[in-house]
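Visitor: One structure follows; several queries about it will come next.
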Amino acid sequence: MVTEADNTIRESEEVLNGGTSSPSIVNVQEMRPFSKQTSMVTEADNTIRESEEVLNGGISSPSIVNVQEMVRCNLSCIPDRFKRSEEDKSKDVDLSVLSPQIPVIDLALLSSENVEELKKLEWACKCWGFFMATNHGIPEEVLQRVKDAAAGFFELPFEEKKAYSPDSNEMQGYGRPFMVSEEEKLDWSDSLILRIYPSHFQKLKFWPTTPADFRDTVQTYSTEVRKVAETLLGSLSLTMGMTKDALLRLHKDMAQALRVNYYPTCRNPDQVIGISPHSDATSISILLQDDDVTGLEIQHDGGWVPIHPILNSLVVNIGDVIEMWSNGKYNSIEHRAMANENKARMSLATFFTPDTDVEIEPLDHILDPQGSNRIYKKVKYGDYLTRSLRKKIEGKTNLRFAKYNDQVES
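Residue 339 in UniProt numbering is what sits at position 339 of the sequence shown, and the numbering runs on without skipping anything.
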């Protein structure tokens, strides 16, 4: 039986390494040796056969290249489509020893318009583009419940999770979102994406019903984190020389989406990447991450700085939209997620964006009278978002689309 499983796995590896002509589904969460349980062999066989069917064109929906299942089936080597190129790895400069932790901002002080904390926020957005938010007001039990609910979903059998796979061109659901070609390198992670607000964008068929409290828990957390976003936008408005409600009004009916990322363990973590380097096509993004596993890294001073978790804090980053509105005063920073050899990692990223019909350009009061310092041209947010989703995420290349007179990014 073990020999059969080995053969099946080898065949699956061949498919994953390029022996397919159609989009794929592959999962990376739970690799365990077959020798420990005979029953696992049959389950692994079934999973790999299903993956092969998908890899060979058995579905018409976006691919669910499911890393979690690959890990569970204990593939003997990392498929080529997941391996980082030597050129990519050569660019790594680790600043974990030399660099300080990212700025920490006290949201309770921001809420009271504390002048020193507002100056600290301004500095963080200019120099880092990322900061930790403490005293944000979300109860600890709400944070823990949403982490538990997300973990409970990813612990489900693949068959149950697969029921939440998206239809073609759908932006919500479980699997691997936004694959743009059959040749692109794949990230070592699985995701569940849900649109939260406006509520008419919610499609409950993609909202898991197991764990039983998943929907209520996610909705409660999403309501709380939206309050945090509104507080931050109010403070950013003040640092940009506007009234407190200015940025929120510019968004019109501010959209909100949640992406739950699961990063399975990897026996050779240096060969893969959890999420490729990119900036966010958002106004701001707010991340709730595991308290005991480091994986998020940000680009700073020419190298990669790991973001070490602070208990019950949130990680906030400036997105492309704020960079454009501020004419480059505030920076949308490249970031990535790394795999871990010993422990899986999970994060919940909430994205806040303007309505798709909002036109984004540098704010008038930030430009000089002649507008000669303008960096970004006017773009409709919906066009910018569509363009970003059609391309493989790669650094800050999406912002080039919005550069005035096609300026090259520095």
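Glycine included, each C-beta is placed from N, C-alpha and C at the ideal position.
Which stretch, first to last residue, makes up the beta strand (DSSP E) that contains tyrosine 263?
Guide: 255 to 263 is the extent of the beta strand (DSSP E) around tyrosine 263.
Visitor: Please work out which residues of its chain come closer than 7 Å, Cβ to Cβ, to serine 313, disregarding the five sequence neighbours upstream and downstream, and give them in chain order.
Guide: Met132, Ala133 and Thr134
Visitor: Under 8 Å between the Cβ atoms of aspartate 290 and proline 309?
Guide: yes
Visitor: State whether the region 68 to 87 contacts the region 356 to 370, with contact taken as three or more CB pairs (one from each stretch) at a distance under 8 Å.
Guide: no
Visitor: Does proline 269 come out as helix, strand or coil in the three-state DSSP assignment?
Guide: helix
Visitor: If you follow the beta strand (DSSP E) that serine 276 is part of, which residue opens it and which one closes it?
Guide: 275 to 278
Visitor: 8 Å is my cut-off, CB to CB: does isoleucine 333 come that close to chain B?
Guide: The structure shown contains no chain B, having only a single protein chain.
Visitor: DSSP on residue 432, reduced to helix/strand/coil?
Guide: Because the chain is modelled from 1 through 410, residue 432 falls outside the range shown and cannot be assessed.
Visitor: Below 8 Å on the Cβ atoms is my guess for serine 165 versus glycine 175; work out the distance and round it to an integer in Å.
Guide: 5 Å
Visitor: Starting from serine 111, trace the alpha helix (DSSP H) in both directions and tell me its first and last residue.
Guide: 107 to 111
Visitor: So what's methionine 346 in DSSP terms, helix, strand or just coil?
Guide: strand
Visitor: How about the region 239 to 248 and the region 158 to 172: do they share at least three Cβ pairs that are nearer than 8 Å?
Guide: Counting Cβ pairs under 8 Å, fewer than three are found: no touch.
Visitor: Does the beta-carbon distance from aspartate 368 to serine 276 come in below 8 Å?
Guide: no
Visitor: Based on Cα-Cα distance, which residue from Leu233, Val305 and Phe206 lies nearest to lysine 161?
Guide: Phe206
Visitor: For phenylalanine 214, report the span of its alpha helix (DSSP H) as first-last.
Guide: 214 to 239
Visitor: What is the residue span of the alpha helix (DSSP H) that threonine 134 lies within?
Guide: Run containing threonine 134: none in the alpha helix (DSSP H); it sits in the beta strand (DSSP E), 130 to 134.
Visitor: So is serine 39 buried or exposed if we call it buried at 16+ other beta carbons inside 10 Å?
Guide: With a pLDDT of only 34 at serine 39, under 50, the local geometry of the prediction cannot be trusted, and no value is derived from it.
Visitor: Three or more C-beta pairs closer than 8 Å, one from the region 254 to 268 and one from the region 191 to 199: is that the case here?
Guide: yes
Visitor: In terms of residues, what are the limits of the alpha helix (DSSP H) holding glutamate 69?
Guide: 67 to 72
Visitor: Using the beta-carbon count (16 or more within 10 Å), is leucine 147 buried or exposed?
Guide: Looking at the sequence provided, one finds lysine at residue 147 rather than leucine. By the 10 Å Cβ count, lysine 147 comes out buried.
Visitor: List the whole-angstrom C-beta distance separating serine 235 from leucine 156, where the pair is believed to meet the contact cut-off of C-beta under 8 Å.
Guide: Contact doesn't hold; Cβ gap of about 39 Å is too wide.
Visitor: Kindly indicate which three-state DSSP category leucine 314 falls into: helix, strand or coil?
Guide: strand
Visitor: Rounded to the nearest angstrom, how far is the Cβ of asparagine 327 from that of isoleucine 318, given a contact under 8 Å?
Guide: That belief does not hold up - the Cβ atoms of asparagine 327 and isoleucine 318 are roughly 13 Å apart, past 8 Å.
Visitor: Quick check: isoleucine 366 and tryptophan 128, are their CB atoms within less than 8 Å of each other?
Guide: no
Visitor: Assign tryptophan 207 to one of three DSSP states: helix, strand, or coil.
Guide: coil
Visitor: How many Å lie between proline 23 and isoleucine 375 at the Cα?
Guide: Here the model assigns proline 23 a pLDDT of 38, short of 50, so the residue's position is not dependable and the matter cannot be decided.
Visitor: Let's see if you can read the secondary structure: which residues bound the alpha helix (DSSP H) around aspartate 320?
Guide: 320 to 325
Visitor: Beta-carbon separation of alanine 163 and aspartate 213 under 8 Å?
Guide: no
Visitor: Are the Cβ atoms of valine 321 and threonine 350 separated by less than 8 Å?
Guide: no
Visitor: Under three-state DSSP, which class holds glutamate 116?
Guide: helix
Visitor: Residues in its own chain within less than 8 Å of tyrosine 404 by CB, not counting five upstream and five downstream?
Guide: Arg374, Ile375, Tyr376 and Lys377
Visitor: What does the Cβ neighbour count give for threonine 282, buried or exposed, with the cut at 16 atoms within 10 Å?
Guide: Per the 10 Å Cβ criterion, buried.
Visitor: Distance, Cα to Cα, residue 421 vs leucine 109?
Guide: Residue 421 cannot be examined here, being either before or after the span of the chain that is shown, 1 to 410.
Visitor: Just curious, the beta strand (DSSP E) that phenylalanine 190 is in, first and last residue?
Guide: Checking the displayed sequence, the identity of residue 190 turns out to be aspartate instead of phenylalanine. Looking at the DSSP string, the run of the beta strand (DSSP E) that includes aspartate 190 is 190 to 197.
Visitor: Name the DSSP beta bridge partners of alanine 337, please?
Guide: The bridge partners DSSP lists for alanine 337 are Ile275 and Leu296.
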